[in-house]
Each structure stands twice: as structure tokens, then as C-alpha cells.
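Trainee:
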Amino acid sequence: MRIVLCYPVERHHVEQIQAAAPDATVVNAGQERVDEMLPTADVFVGHAKVPVDWDRVLAAKKLKWIQSSAAGLDHCLVPGVIDSDIVVSSASGLFAPQVAEQTFALMHGLLRRLPLFFRAESKREFIRLPTDDLRGKTVGIVGLGGNGRMIAKVLAPWDVRIIATDYYPIDRPDCVDDLWPAEELDRLLSESDIVILALPLNASTEGLLDADRIAKMKPGSYLINVARGSVVVESALVDALASGHLAGAGLDVTEVEPLAESSRLWDDDKVIITPHVGAQSSRRVSDTTDLVAINLRRHLAGKLPFNRVDKRLGFPHPSDVWRGETS
Numbered sequence: 001m002r003i004v005l006c007y008p009v010e011r012h013h014v015e016q017i018q019a020a021a022p023d024a025t026v027v028n029a030g031q032e033r034v035d036e037m038l039p040t041a042d043v044f045v046g047h048a049k050v051p052v053d054w055d056r057v058l059a060a061k062k063l064k065w066i067q068s069s070a071a072g073l074d075h076c077l078v079p080g081v082i083d084s085d086i087v088v089s090s091a092s093g094l095f096a097p098q099v100a101e102q103t104f105a106l107m108h109g110l111l112r113r114l115p116l117f118f119r120a121e122s123k124r125e126f127i128r129l130p131t132d133d134l135r136g137k138t139v140g141i142v143g144l145g146g147n148g149r150m151i152a153k154v155l156a157p158w159d160v161r162i163i164a165t166d167y168y169p170i171d172r173p174d175c176v177d178d179l180w181p182a183e184e185l186d187r188l189l190s191e192s193d194i195v196i197l198a199l200p201l202n203a204s205t206e207g208l209l210d211a212d213r214i215a216k217m218k219p220g221s222y223l224i225n226v227a228r229g230s231v232v233v234e235s236a237l238v239d240a241l242a243s244g245h246l247a248g249a250g251l252d253v254t255e256v257e258p259l260a261e262s263s264r265l266w267d268d269d270k271v272i273i274t275p276h277v278g279a280q281s282s283r284r285v286s287d288t289t290d291l292v293a294i295n296l297r298r299h300l301a302g303k304l305p306f307n308r309v310d311k312r313l314g315f316p317h318p319s320d321v322w323r324g325e326t327s
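Residue 268 in UniProt numbering sits at position 268 of the sequence shown, and the numbers go up by one each step.
Take a look at the structure:
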């Protein structure tokens, strides 16, 4: 068995993976060699950020399993992989605490008007400006997977009403007041003071928040996107901010990354932009490798991996999500 790696591992991570599969050949391809090495892989672990010739990979008929080092799977869920027998598993929920922290940074930054204060600070202006409150608001979470549930858990003590939609509206956490099916998105938008996007990108969610949908959001509400940029139509978001329909937007992701220098979002003092760092963590590679080792042992034992995704949806069923199990 050949395991090809493409995430920023160090020597001890490679050794941990080798220990989990002692008889395997482990190749640390990195971004530089991943396209070359993937057709030789039985197992691929990582996230290719460079173009990959998936037709060549599929033609080789070797690849049996993809363990992504990310929650989003748009980098590997090409039509050929979706239609194949290749098992795909993700890092869904693995970095939920970091995504929740990023969500709070964006949300509080908007509510407390930090962009305006930072601009004033740069000009050495000590001026009081109006701010907004989190307490008492209705917060709508679109997508109650691992990230969405952690966001709800962290939100719970803040005296807010939490509502959510999800493709699998089951196992409602106590901290969530109402959990509705995905088809109730318009209802969530109309009732929420703050909308947090935590859903995956797939064929049904791309462009989900277009001009019509954004118009259904409450006047003066806020949008936080820690999901994927393509879920939101950027031109519609720009127009809603310019008209005052939205009070602000906190974006860790944008429709096109990197965000073009010409984008009007850069100059809007109602917008906070961070460069897709929501899942960053000093422990990211180590935590990923821990899950890889667990799933490798399951693979060798003939078991399916934790976080096995429905390839047509792009995310796992709740019953398949890893919850800290070690085997």
C-alpha cells in the first residue's frame, strides 16, 4: 500500500503515519509533487492546492481512499471521483473550536465597530462612535455540522436566541432553540439579526445567497461567512451593504480568493475581511495526523473511516462524524 501525503507534515508526523501502517510506503509529496505522485497512490492524505490531473489518477485505478486534511472537499470531489468507488473522508469538525473563535472575532468586530475605530486610531483620533450589542439578538446558523454546533455552543451563554438550518435537522443541541430543515433557510434569514454561514460548498449551495435571498434578510442584520466564499454572490452582498440593507459583513472567505484588489469590499468600513484563516491552529497538522492515524488503523482493519462523506453532498452523515473516538 502506498500512502501519498500532501499537507505540511514534519518528520515526526510522517513517522506517526508510518507507525499506523507499518507495511505501507509513505511518500511525502507536498504540493510540488502531488500531481506526479497521486496516480501511484492507494491512499491520498491531504489537500492539493495545485491543479491535479484527476483523469490520470482515475485511469490508474489504484486510488481507494482520500482522507482530506480539510473540511471542504471541493479540491477533490470532481465528477470522476464522485462517480467512482473511491472512499472520501474529511477533517469535518476537527477545527471547530478555531472556526468558532474566528466567527466571534468577526462578529464582535462588527458589533463593536472595530473597523471604524481602527481607522480612527490610525489617524490618532480619540472619538466615541455608536456600537451594537450581541445580547438579545437572534443568531441564525446555516449548517449545523461540526463547526455550526461548536459556534452554537460558544454562543449559548451570551443571552441570544439561536436558530439553525441543516440538511440533517436531527439531534438538536440544547443550546439551539430551533433546528429546521435546509428548506427553511428563508425563514431563518427573515428572523435573524446575525446570519452565520457554516455550510459546505456543493452544487446546491453555490450562489445560495444571491440578491433575492439577501433581500430576505432582516434590514440592519449582519452576515458572517466562515464557510466557503462561493456560497455568497459577492456583487449582491456589495449592493446590500451599499444600500444599508445589511449593517455589516464579516468574511473569512470570498467568492474568488485572493479577493481582487479592485473589490469594493476592501473600502467598506462595515466589512471585516480575513484571508481564509478560520481553521488555522498551532496544532492543526498534529491534530490532523492524529485523525489520519486513527482512520488508517480502521482502514487496515476493514472498517470505514470516521468522517466518511456522502460524495454527492460533500459532507458526512452525522452518524459518521468523528467525535473523539480512538478506534
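Note that beta-carbon positions come from the ideal geometry of N, C-alpha and C, so glycine has one too.
On the criterion of 16 or more Cβ atoms from any shown chain inside 10 Å, does A211 qualify as buried, or is it exposed?
Mentor: By 1-based counting over the sequence shown, the position of residue 211 is 211. When all chains shown are included, A211 counts as exposed.
Trainee: Are A91 and A70 close, meaning C-beta to C-beta below 9 Å?
Mentor: On the sequence shown, position 91 is the one that residue 91 refers to. On the sequence shown, position 70 is the one that residue 70 refers to. Yes. Within cutoff.
Trainee: Hey, could you find the ends of the alpha helix (DSSP H) A105 is sitting in?
Mentor: Within the sequence shown, numbered from 1, the residue matching residue 105 stands at position 105. First-last of the alpha helix (DSSP H) with A105: A96 to L111.
Trainee: Checking 9 Å against the spacing of the C-beta atoms, do N147 and V99 come in under that value?
Mentor: The residue given as residue 147 occupies position 147 in the sequence shown. The residue given as residue 99 occupies position 99 in the sequence shown. Yes. Within cutoff.
Trainee: Using DSSP with H/G/I as helix, E/B as strand and the rest coil, what is P181?
Mentor: If you number the sequence shown from 1, residue 181 lands on position 181. Shown here, P181 sits in a strand according to DSSP, grouped into three states.
Trainee: Would you list the residues sitting across from R161 in a DSSP beta bridge?
Mentor: As a working mapping, residue 161 is identified with position 161 in the sequence shown. Note: R161 sits in a beta bridge opposite T138.
Trainee: Cα-Cα, which of A293, H299, I273 and R323 is closest to H12?
Mentor: The residue labelled residue 12 in the question sits at position 12 within the sequence shown. Checking every option, the nearest Cα to that of H12 belongs to A293.
Trainee: Which residue wins for smallest C-alpha separation from S327, given the options D159, A301 and L313?
Mentor: Taking the sequence shown and counting its residues from 1, the one referred to as residue 327 is at position 327. Here the closest residue by C-alpha is A301.
Trainee: Taking the alpha carbon of V142 as the point to measure from, which residue in L201, D159, L129 and L114 has its own alpha carbon closest?
Mentor: What you label residue 142 is simply residue 142 of the sequence shown in a count that begins at 1. The candidate whose alpha carbon is nearest that of V142 is L201.
Trainee: Tell me which residues share the same chain as A48 and place their Cβ nearer than 8 Å to its Cβ, disregarding the 5 neighbours each side in the sequence.
Mentor: Stepping through the sequence shown from its first residue, residue 48 is reached at position 48. Excluding sequence neighbours, A48 sits near C6, Q31, V34, D35, L38, H75 and C76.
Trainee: Are T288 and L94 close, meaning C-beta to C-beta below 9 Å?
Mentor: Counting from one through the sequence shown, the residue named residue 288 turns up at place 288. Counting from one through the sequence shown, the residue named residue 94 turns up at place 94. Cβ atoms of T288 and L94: closer than 9 Å.
Trainee: What residues match up with C6 in a beta bridge as DSSP calls it?
Mentor: Against the sequence shown, residue 6 aligns to sequence position 6. In the DSSP output, where bridge partners are listed per residue, C6 has G46.
Trainee: I'd like the span of the alpha helix (DSSP H) that includes W54, first residue to last.
Mentor: Locating residue 54 in the sequence shown gives position 54, where the first residue counts as 1. Segment W54 to A60, the alpha helix (DSSP H) holding W54.
Trainee: Please list the terminal residues of the continuous beta strand (DSSP E) segment that includes Q67.
Mentor: Residue 67 sits at position 67 when you count from the first residue of the sequence shown. That run of the beta strand (DSSP E) goes W65 to S68.
Trainee: Are the CB atoms of K270 and A236 nearer to each other than 9 Å?
Mentor: Counting from one through the sequence shown, the residue named residue 270 turns up at place 270. Counting from one through the sequence shown, the residue named residue 236 turns up at place 236. Their beta carbons are not under 9 Å apart, which means K270 does not touch A236 by this criterion.
Trainee: Closest to D133 by CA distance: which of I151, R298, G109 and E234 is it?
Mentor: Working through the sequence shown from its first residue, we reach residue 133 at position 133. If we check each option's Cα against that of D133, G109 comes out closest.
Trainee: Taking the alpha-carbon positions, what's the V139 to P22 distance?
Mentor: Translated into the one-based positions of the sequence shown, residue 139 becomes position 139. Translated into the one-based positions of the sequence shown, residue 22 becomes position 22. Distance between the alpha carbons of V139 and P22: 48 Å.
Trainee: Looking at the secondary structure, which residues open and close the alpha helix (DSSP H) in which N295 lies?
Mentor: Along the sequence shown, one-based indexing puts residue 295 at 295. DSSP places N295 in the uninterrupted alpha helix (DSSP H) bounded by R284 to L300.
Trainee: Could you give the first and the last residue of the continuous beta strand (DSSP E) run that contains I194?
Mentor: Counting from 1 along the sequence shown, the entry for residue 194 is found at position 194. I194 to L197 is the span of the beta strand (DSSP E), which, as asked, contains I194.
Trainee: Since M150 and A227 should fall inside the 8 Å C-beta cutoff, what is the C-beta to C-beta distance between them, to a whole number of angstroms?
Mentor: Residue numbering aside, residue 150 sits at position 150 when the sequence shown is read from its first letter. Residue numbering aside, residue 227 sits at position 227 when the sequence shown is read from its first letter. The pair is not a contact, with the Cβ atoms about 14 Å apart (cut-off 8 Å).
Trainee: Return the chain-ordered list of same chain residues with a C-beta closer than 8 Å to the C-beta of L246, the five sequence neighbours on each side being excluded.
Mentor: Here the question's residue 246 lines up with position 246 in the sequence shown. Hits under 8 Å: I214, M217, G220, S221, Y222, L223, L237, A240 and K270.
Trainee: Which word fits F118, buried or exposed, when buried means at least 16 other C-beta atoms lie within 10 angstroms of its C-beta?
Mentor: In the sequence shown, the residue the question calls residue 118 occupies position 118. Classification of F118: exposed, given that the 10 Å Cβ count is below 16.
Trainee: According to DSSP, is A249 helix, strand or coil?
Mentor: As a first step, residue 249 must be located in the sequence shown, where it is residue number 249. Three-state DSSP puts A249 in a strand.
Trainee: Would V9 and L296 be called neighbours here (beta carbons separated by less than 9 Å)?
Mentor: The residue labelled residue 9 in the question sits at position 9 within the sequence shown. The residue labelled residue 296 in the question sits at position 296 within the sequence shown. No; because the gap between Cβ atoms is not below 9 Å, this pair is not in contact.
Trainee: Once the 5 residues before and after Y168 are set aside, which same chain residues still bring their CB inside 6 Å of it?
Mentor: Reading the sequence shown from its first residue, position 168 is the one you call residue 168. Closer than 6 Å at Cβ, skipping near neighbours: P318.
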